[in-house]
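The structure appears below as C-alpha coordinates.
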Amino acid sequence: MSKSEKAIDEKTVEQLAAIFCTKEEIASVVGCSVETLNERFVDALKRGKDKGKASLRRKQWESIENGNITMLVWFGKQFLGQTEKMENALNDEQYNELLAAAHAAMVHLSGAGRATSGHSTVQA
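Numbering-wise (numbering that gives the first Met the number 0), the sequence shown opens with residue 0 and increments by one.
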(Lines of atoms letter the chains of each structure in order from A and count residues from 1; the text may use other names and numbers.)
(Lines give C-alpha, C1' and ligand atoms only; values in the text may rest on other atoms or scores of the structure.)
Protein backbone atom coordinates (compact mmCIF):
# COMPACT_ATOMS: atom_id res chain seq x y z
CA MET A 1 0.00 0.00 0.00
CA SER A 2 1.40 3.38 -0.97
CA LYS A 3 1.39 6.41 1.32
CA SER A 4 -1.55 7.86 -0.59
CA GLU A 5 -3.67 4.75 -0.11
CA LYS A 6 -5.93 4.79 2.92
CA ALA A 7 -5.97 1.72 5.16
CA ILE A 8 -9.29 -0.02 4.57
CA ASP A 9 -10.30 -3.09 6.54
CA GLU A 10 -10.91 -5.88 4.01
CA LYS A 11 -12.95 -7.85 6.57
CA THR A 12 -15.35 -4.91 6.97
CA VAL A 13 -15.78 -4.72 3.19
CA GLU A 14 -16.54 -8.45 3.12
CA GLN A 15 -19.01 -8.24 6.03
CA LEU A 16 -20.88 -5.34 4.45
CA ALA A 17 -21.05 -7.17 1.12
CA ALA A 18 -22.43 -10.21 2.99
CA ILE A 19 -25.47 -8.19 4.08
CA PHE A 20 -25.93 -6.96 0.50
CA CYS A 21 -24.86 -3.36 1.00
CA THR A 22 -24.32 -1.58 -2.29
CA LYS A 23 -20.82 -0.60 -3.33
CA GLU A 24 -21.78 3.02 -2.70
CA GLU A 25 -22.83 2.18 0.86
CA ILE A 26 -19.68 0.15 1.52
CA ALA A 27 -17.48 2.93 0.14
CA SER A 28 -19.21 5.44 2.38
CA VAL A 29 -18.79 3.29 5.49
CA VAL A 30 -15.10 2.50 4.94
CA GLY A 31 -14.29 5.97 3.64
CA CYS A 32 -13.18 5.36 0.09
CA SER A 33 -14.50 5.68 -3.44
CA VAL A 34 -16.39 3.02 -5.36
CA GLU A 35 -13.46 3.01 -7.78
CA THR A 36 -11.11 2.06 -4.94
CA LEU A 37 -13.42 -0.81 -3.98
CA ASN A 38 -13.49 -2.01 -7.57
CA GLU A 39 -9.71 -1.80 -7.87
CA ARG A 40 -8.59 -3.19 -4.50
CA PHE A 41 -11.42 -5.27 -3.02
CA VAL A 42 -12.96 -7.31 -5.84
CA ASP A 43 -12.25 -10.59 -4.02
CA ALA A 44 -13.59 -9.36 -0.67
CA LEU A 45 -16.76 -8.08 -2.35
CA LYS A 46 -17.31 -11.43 -4.10
CA ARG A 47 -16.61 -13.49 -0.97
CA GLY A 48 -18.97 -11.34 1.05
CA LYS A 49 -21.76 -11.53 -1.50
CA ASP A 50 -21.35 -15.31 -1.79
CA LYS A 51 -21.43 -15.70 2.00
CA GLY A 52 -24.57 -13.57 2.14
CA LYS A 53 -26.28 -15.71 -0.50
CA ALA A 54 -25.36 -18.91 1.34
CA SER A 55 -26.65 -17.47 4.61
CA LEU A 56 -29.92 -16.41 3.01
CA ARG A 57 -30.36 -19.81 1.39
CA ARG A 58 -29.70 -21.50 4.74
CA LYS A 59 -32.44 -19.39 6.36
CA GLN A 60 -34.83 -20.20 3.51
CA TRP A 61 -34.10 -23.90 3.92
CA GLU A 62 -34.74 -23.64 7.68
CA SER A 63 -38.04 -21.97 6.85
CA ILE A 64 -38.96 -24.91 4.59
CA GLU A 65 -38.01 -27.42 7.27
CA ASN A 66 -40.22 -25.51 9.73
CA GLY A 67 -43.22 -25.98 7.44
CA ASN A 68 -43.36 -22.74 5.44
CA ILE A 69 -45.44 -23.89 2.47
CA THR A 70 -44.93 -20.66 0.52
CA MET A 71 -41.16 -21.08 0.67
CA LEU A 72 -41.50 -24.76 -0.27
CA VAL A 73 -43.52 -23.85 -3.37
CA TRP A 74 -41.06 -21.10 -4.31
CA PHE A 75 -38.07 -23.45 -3.99
CA GLY A 76 -39.87 -26.06 -6.10
CA LYS A 77 -40.41 -23.50 -8.84
CA GLN A 78 -36.82 -22.21 -8.69
CA PHE A 79 -34.93 -25.47 -8.48
CA LEU A 80 -37.25 -28.18 -9.78
CA GLY A 81 -38.87 -26.30 -12.66
CA GLN A 82 -42.34 -26.70 -11.15
CA THR A 83 -45.09 -24.37 -12.34
CA GLU A 84 -48.67 -23.51 -11.51
CA LYS A 85 -49.84 -23.16 -15.07
CA MET A 86 -53.28 -24.49 -15.90
CA GLU A 87 -53.53 -26.71 -18.93
CA ASN A 88 -56.67 -27.04 -21.02
CA ALA A 89 -57.89 -30.60 -20.42
CA LEU A 90 -60.61 -30.40 -23.09
CA ASN A 91 -60.10 -31.26 -26.72
CA ASP A 92 -61.84 -29.14 -29.39
CA GLU A 93 -64.89 -31.40 -29.60
CA GLN A 94 -65.39 -31.39 -25.82
CA TYR A 95 -64.94 -27.63 -25.71
CA ASN A 96 -67.56 -27.09 -28.44
CA GLU A 97 -70.02 -29.41 -26.65
CA LEU A 98 -69.51 -27.53 -23.39
CA LEU A 99 -69.96 -24.19 -25.13
CA ALA A 100 -73.19 -25.37 -26.81
CA ALA A 101 -74.54 -26.68 -23.49
CA ALA A 102 -73.72 -23.39 -21.75
CA HIS A 103 -75.42 -21.45 -24.53
CA ALA A 104 -78.53 -23.66 -24.33
CA ALA A 105 -78.64 -23.21 -20.55
CA MET A 106 -78.43 -19.43 -20.93
CA VAL A 107 -81.25 -19.42 -23.48
CA HIS A 108 -83.37 -21.61 -21.20
CA LEU A 109 -82.66 -19.44 -18.17
CA SER A 110 -83.45 -16.24 -20.01
CA GLY A 111 -86.99 -17.54 -20.57
CA ALA A 112 -87.39 -19.33 -17.24
CA GLY A 113 -89.30 -17.77 -14.38
CA ARG A 114 -91.44 -15.62 -16.60
CA ALA A 115 -95.16 -16.15 -16.64
CA THR A 116 -97.50 -14.16 -18.78
CA SER A 117 -101.00 -13.58 -17.46
CA GLY A 118 -102.19 -11.46 -20.29
CA HIS A 119 -101.64 -8.22 -18.39
CA SER A 120 -98.00 -8.17 -17.39
CA THR A 121 -94.87 -10.24 -17.15
CA VAL A 122 -93.93 -11.37 -13.67
CA GLN A 123 -90.32 -12.14 -12.78
CA ALA A 124 -89.74 -14.94 -10.25
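Glycine included, each C-beta is placed from N, C-alpha and C at the ideal position.
Have a look at residue i and residue j and give me their C-alpha separation to the nearest angstrom.
i, j, result
"alanine 123", "tyrosine 94", "Summary for alanine 123: the model assigns pLDDT 47, below 50, so the residue's position carries little reliability, and this model does not support an answer."
"alanine 103", "alanine 88", "22 angstroms"
"isoleucine 68", "glutamine 81", "14 angstroms"
DSSP three-state label for residue i, please.
i, result
"isoleucine 25", "helix"
"methionine 85", "coil"
"serine 109", "helix"
"aspartate 91", "helix"
"alanine 6", "coil"
"alanine 123", "Confidence in alanine 123 is poor, its pLDDT being 47 and thus under 50, which makes the residue's placement too unreliable to answer from."
Under the assumption that residue i contacts residue j (Cβ atoms under 8 angstroms), give the Cβ distance between them as a whole number of angstroms.
i, j, result
"glutamate 9", "alanine 43", "5 angstroms"
Taking 8 angstroms as the cut-off, does the stretch 56-71 touch the stretch 30-42 (at least 3 CB pairs, one atom from each stretch)? no
Fully enclosed by the stretch 42-81, which alpha helix (DSSP H) runs are 4 residues long or longer? 68-79
How about the stretch 35-50 and the stretch 5-25: do they share at least three Cβ pairs that are nearer than 8 angstroms? yes
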